[in-house]
Amino acid sequence: MVLVFLDLRFSIVQQDGACLGSTSESTVSDQAVPAPTPVEFPSHAPYLLIGGGTASFAAARSIRARDPGARVLIITDEPDLPYMRPPLSKELWFSDDPSVVDTLRFKQWNGKERSIYFQPPSFYVSPQDLEKVENGGVAVLTGKKVVHMDVRGNKVTLSDNTEISYDKCLIATGGVPRNLQVIERAGEEVTKRTTLFRKVEDFKALDKVSRDTKSITIIGGGFLGSELACALGRRSADSDLEVIQMFPEKGNMGKVLPEYLSNWTTAKVKSEGVTIITEALVKAVSFKDGKVEIKLKDGRVVKTDHIVAAVGLEPSVELAKSAGLEVDSDFGGFRVNAELQARSNIWVAGDAACFYDIRLGRRRVEHHDHAVVSGRLAGENMTGANKPYWHQSMFWSDLGPDVGYEAIGIVDSSLPTVGVFAKATAKDTPKAATEKSGTGIRSESETEGTASSPVASSTPEPPPVPEQKDNYGKGVIFYLRDKVVVGIILWNVFNRMPVARKIIKDGEEHADLNEVAKLFNIHED
């Protein structure tokens with residue numbers, strides 16, 4: 001058992017590390033100071049999980065399922081218990097509850113309410129009880145960072161020099177948001193008016209900014225940037241908030257969607273009240289006369305109150321050096337084998353894992369479903385399953401409750417694509433999809449699904465919704481490499497991911513993709 005001494009003049013610490021209250025130093029200077037009280041950490045954890053995100057939680061659940069008496073310790077540098085990140089840029093912004101930043105509870109598109117946290121505090125055991133509790137359990141050490149790994153000695157060192165040994169270790173450190181160098185060099189006045197969006201605290205901070213300022217500019221046209229643009233744009237309808245989104249591509253999601261669909265998406269984002277600036281390359285950022293000034297390489301200038309930089313994720317691989325682990329030079333992340341193992345007794349899952357896909361080659365994936373699946377598999381293999389990674393994980397993005405898509409495989413706009421579209425009905429929205437599945441995190445309901453022959457519905461269909469511009473109401477987009485489908489986007493088509501997964505797994509050439517599209521029942525009416 002490791003004893004860590006805390007000075008009670010300043011704070012009382014919960015088992016999860018959260019501060020319950022504090023007293024200023026001046027009010028106790030003339031009082032007797034109580035002796036420091038030890039807070040106990042386990043000196044050994046049979047299963048040690050580094051990182052407190054989705055992959056770690058999925059691994060913990062998987063370990064306990066196969067080893068019911070397992071003692072699992074999660075170490076996270078965040079102050080929060082494990083939670084899901086997707087709602088931070090999706091549903092939370094559409095909540096009518098003014099206290100949502102405190103409760104972190106939200107209504108899913110299907111109207112059901114839930115918390116972003118996977119489990120309440122009562123689910124976990126306290127770290128100091130982990131070694132003593134009879135049937136094991138999962139403990140979370142919050143606000144602590146692992147800074148060194150001794151692979152030969154099977155132990156880690158925390159930032160406060162505490163050492164904890166392990167039998168099996170999972171690295172699920174995720175990543176940190178990238179920033180633009182021009183912002184980093186711009187000085188304190190700019191950096192303190194810039195949000196790098198990733199965590200609960202970032203959601204809370206941006207929520208406050210959106211209520212207190214008149215202008216927000218989002219730099220980045222990918223998933224996160226476009227979701228936040230729609231969310232803030234929707235909020236601007238009830239306020240004087242100006243929302244601007246700029247990116248280097250010609251349209252939203254330009255690196256993923258074919259040009260015609262990217263243009264359609266851009267029109268959708270504009271309709272939410274967002275000013276779009278395309279082909280925008282940032283040259284310099286400065287702070288002048290109370291405004292952040294963004295200069296573009298073509299001479300355009302944008303003045304704003306706050307910047308959100310949504311320009312990608314950098315995998316957190318700081319432990320590679322001390323652990324002697326290989327980092328992939330092309331994709332980033334820790335290189336692992338087919339069983340997600342980096343070295344003996346060390347596995348990696350989630351955003352930080354660079355794995356070999358037997359169908360699509362070496363990859364690194366930064367999405368919720370991959371974190372769930374890879375975390376679960378790593379947990380199984382930590383308990384002796386020796387199973388290879390084969391699952392094609394999916395990801396999804398919603399531009400509000402009415403437009404959404406799910407994707408699988410390699411979706412890259414530089415690849416040849418074939419799109420097959422049909423007229424949408426009222427059931428072809430994210431909201432309707434979650435009403436059918438009963439879950440707001442769609443991957444949780446579909447990851448165990450298997451493909452089967454589609455059966456036409458015998459119930460009457462809802463009436464068609466008004467026809468959307470260019471007829472991109474719903475459809476399937478196939479991405480091809482050497483005439484073989486390597487990626488699929490289901491555009492306002494839901495609960496069909498097992499079919500898409502099977503098509504990619506089969507790896508066959510298809511003479512007529514219009515016929516393949518029929519497997520997704522997009523022409524039902």
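Taking full-length UniProt numbering, the leading residue of the sequence shown gets 1, the next gets one more, and so forth.
All C-beta atoms, glycine included, are put in the ideal place defined by N, C-alpha and C.
The Cβ atoms of residue 478 and residue 513 sit closer than 8 angstroms to each other. For residue 321, no beta strand (DSSP E) segment is defined; the enclosing uninterrupted segment is the alpha helix (DSSP H) at 320 to 323. Residue range 194 to 196 is occupied by the beta strand (DSSP E) that includes residue 195.
The beta-bridge partner set that DSSP reports for residue 115 consists of 105. Residue 373 and residue 227 have their C-alpha atoms spaced approximately 24 angstroms apart. Counting only runs of 4 or more residues that sit fully inside the region 38 to 89, the alpha helix (DSSP H) segments are 54 to 66, in chain order.
For the set 87, 65, 124, the Cα lying nearest the Cα of residue 383 is the one of 65. Between the region 68 to 75 and the region 87 to 94 there are fewer than three inter-stretch CB-CB distances shorter than 8 angstroms, so the stretches are not counted as touching. Annotated three-state conformation of residue 503 is helix, per DSSP. Sixteen is the threshold: when 16 or more other Cβ atoms of the shown chains lie within 10 Å of the Cβ of residue 231, as they do, the residue is buried. Around the beta carbon of residue 523, fewer than 16 other beta carbons sit within 10 angstroms, so the residue counts as exposed.
Inter-residue distance for residue 129 and residue 480 is about 53 angstroms (C-alpha atoms, whole angstroms).
Looking at the DSSP output, residue 490 bridges to 406, 476. For residue 163, the secondary structure class from DSSP, reduced to helix, strand or coil, is strand. Using a Cβ distance threshold of 8 angstroms, residue 139 and residue 124 count as a contacting pair.
Counting of Cβ neighbours within 10 angstroms places residue 56 among the buried residues, the total reaching 16 or more. With three or more CB-CB distances shorter than 8 angstroms, the region 165 to 175 counts as touching the region 147 to 155. For residue 231, the uninterrupted alpha helix (DSSP H) segment begins and ends at 223 to 236. For residue 183, there is no enclosing beta strand (DSSP E); the enclosing alpha helix (DSSP H) has its first and last residue at 181 to 184. Collapsing the DSSP output to three states places residue 315 in a strand. When DSSP reads this structure, residue 245 sits in a beta bridge with 218, 276.
Classified as exposed, residue 281 has fewer than 16 neighbouring CB atoms from the shown chains inside 10 Å of its CB. CA-CA distance, residue 305 to residue 252, rounds to 23 angstroms. The residue from 134, 217, 286 with its alpha-carbon nearest to that of residue 181 is 286. Annotation for residue 208: no beta strand (DSSP E) segment contains it, though the alpha helix (DSSP H) segment containing it runs 200 to 212.
When the Cα atoms are used, residue 347 and residue 236 turn out to be separated by approximately 44 angstroms. Residue 103 counts as exposed, since fewer than 16 other C-beta atoms from the protein chains shown sit within 10 angstroms of its C-beta. The alpha carbon of residue 172 has as its nearest neighbour, out of 491, 375, 415, the alpha carbon of 375. For the set 483, 377, 328, 234, the Cα lying nearest the Cα of residue 415 is the one of 483.
Contact between residue 504 and residue 488 holds, with the beta-carbon distance rounding to 7 angstroms and staying under 8 angstroms.
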